[in-house]
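See structure below.
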Amino acid sequence: MCIIIGKYFDNFGWVGVKNRDRNYIPEISFKKKHHDGIEILYFWDDITQYCEGMNSQGIAVLSASLMVLDDEKEITQRAKTPSRDGVKIKNALKHNNIKQVVYDLVKNKLTGNTIVFDQETMYLIEGAWERLNERKNFKFVVKKIGPDDVVVRTNH
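As numbered in numbering that gives the first Met the number 0, residues 0 to 155 make up the sequence shown, in order.
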């Protein structure tokens, strides 16, 4: 079960935290990339090849995936390719504007509960696939979070 929390503090601005509770012992490393003058720092799960993080513009992305059944497989399987959600997050962090990051995540259909924030602004994205007969539609809601609000989301 993953839990993400976002809260505004008068002396600091927006702060996000995440508990990434997995049913295996993770192997985590931190990686740094550069893209068109923007530095991206992300944590990388060597087993699932999932990542999330922040960029040099102060924009951070934390997400609680809805794919709980995939989590259960992680005990016995090591991913051979990068996590699709992780790739979406890493690519969105290449932008230097928080609204561009949010737009990119929605455009690329990131599912789950995701907070995108910098010191001054926080957005919550809730996205999921809805099955209508034989067709799947991506449904999402984007909410701008006010400084008097606290965001708490989990995937269970």
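Just so it is clear, CB atoms sit at the ideal spot from N, CA and C, and this is done for glycine as well.
Quick caveat: nothing in here was measured; it's all calculated off a predicted structure.
Measure the C-alpha to C-alpha separation of residue i and residue j and round it to an integer number of angstroms.
{"i": "Arg152", "j": "Ile3", "result": "5 Å"}
{"i": "Gly5", "j": "Gly12", "result": "10 Å"}
{"i": "Met53", "j": "Leu40", "result": "6 Å"}
{"i": "Arg134", "j": "Trp128", "result": "10 Å"}
{"i": "Asn18", "j": "Asp35", "result": "31 Å"}
{"i": "Pro65", "j": "Val140", "result": "The amino acid at residue 65 is misidentified as Pro; the sequence shows Leu. Those two C-alpha atoms are separated by around 15 Å."}
{"i": "Lys32", "j": "Asn136", "result": "33 Å"}
Would a C-beta distance cut-off of 9 Å place residue i and residue j closer than the cut-off?
{"i": "Ile37", "j": "Lys89", "result": "no"}
{"i": "Asp15", "j": "Cys50", "result": "Note that residue 15 corresponds to Gly in the displayed sequence, not to Asp. Contact: no."}
{"i": "Gly57", "j": "Gln118", "result": "yes"}
{"i": "Ala59", "j": "Val115", "result": "yes"}
{"i": "Met0", "j": "Asn154", "result": "yes"}
Does the beta-carbon of residue i have 16 or more other beta-carbons within 10 angstroms, so that it is buried, or is it exposed?
{"i": "Leu131", "result": "exposed"}
{"i": "Asp45", "result": "exposed"}
{"i": "Ser28", "result": "exposed"}
{"i": "Lys30", "result": "exposed"}
{"i": "Ile144", "result": "buried"}
{"i": "Thr110", "result": "buried"}
{"i": "Met121", "result": "buried"}
{"i": "Val150", "result": "buried"}
Whose C-beta lies closer than 6 Å to the C-beta of residue i among residues of the same chain, with five residues either side of it excluded?
{"i": "Thr113", "result": "Ser62 and Ile124"}
{"i": "Ser82", "result": "Thr47, Gln48 and Tyr49"}
{"i": "Asn107", "result": "Lys87"}
Short of 7 Å in beta carbon distance, which residues of its chain neighbour residue i, apart from the five on each side in sequence? Order them along the chain.
{"i": "Asp148", "result": "none"}
CB-CB under 8 Å to residue i, same chain, minus the five flanking residues each way: which ones, in chain order?
{"i": "Lys138", "result": "Gly126, Ala127, Trp128 and Glu129"}
{"i": "Phe8", "result": "Val14"}
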